[in-house]
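The opening position of the sequence shown corresponds to residue 0 in numbering that gives the first Met the number 0, with each subsequent residue numbered one higher. Glycine included, C-beta positions come from ideal geometry on N, C-alpha and C.
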Amino acid sequence: MSNETESNESFFARYRANNTANEKEWEEFNMRLMEQFCADFWKAGNPADVPDWIMNEIATAFIGSLIEKTSLNNSFPLPWSPADRVFTKAEERRMNIYQEITRELIRNGGKVEGVIREVAEKHGVSYETARLAYYKYKPK
């Protein structure tokens, strides 16, 4: 079990011995790997002196992001790197409009057309844009 005082050496020795980790350890794994890479590289000043298994883990993540055509944040997540968006900003906006229209209809009822107009005005979009967002996500 990982804890705050465990050294990287013992953390990785344990990981490499059975090649498994719990959820908390997986959250720490890439951060510890990058920390160890930086420490080894800084100490020696030569990437050839970084242990091969560390270089292999990092290279595998880079190759994975190239093959999957995703950002490195998906293949090699680090705490200081923001996660990739699931939706584009436009899709998020449409989804928010749809959710607000749906909530308003559930809470207060009323005609769909009137609610769409109110939400469109609130979000600063045209009636057509809000209507399109509502009908795009509304279950059929």
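List the endpoints of the continuous alpha helix (DSSP H) containing residue i.
| i | result |
| --- | --- |
| Trp25 | Glu22 to Ala43 |
| Ser9 | Asn7 to Asn17 |
| Thr87 | Careful: Thr87 lies outside any alpha helix (DSSP H) and carries neither H nor E. |
| Asp51 | Asp51 to Glu67 |
| Ala129 | Tyr126 to Tyr136 |
Between residue i and the rest of its own chain, which residues show a CB-CB distance below 6 Å, the 5 nearest in sequence each way excluded?
| i | result |
| --- | --- |
| Ser80 | Asn72 |
| Ser74 | Ala60, Gly63 and Ser64 |
Count the other CB atoms within 10 Å of the CB of residue i; is the residue buried (16 or more) or exposed (fewer)?
| i | result |
| --- | --- |
| Val85 | exposed |
| Ile105 | exposed |
| Ile100 | buried |
For residue i, which residues of its own chain have a beta-carbon under 7 Å away from its beta-carbon, when the five flanking residues on both sides are left out?
| i | result |
| --- | --- |
| Phe36 | Val49, Ile53 and Ile57 |
Less than 8 Å between the CB atoms is what I'm expecting for residue i and residue j, so what's the real figure, rounded?
| i | j | result |
| --- | --- | --- |
| Asn7 | Glu26 | Not really, about 15 Å apart at Cβ, beyond 8 Å. |
| Ala43 | Tyr97 | That pair is no contact at about 55 Å. |
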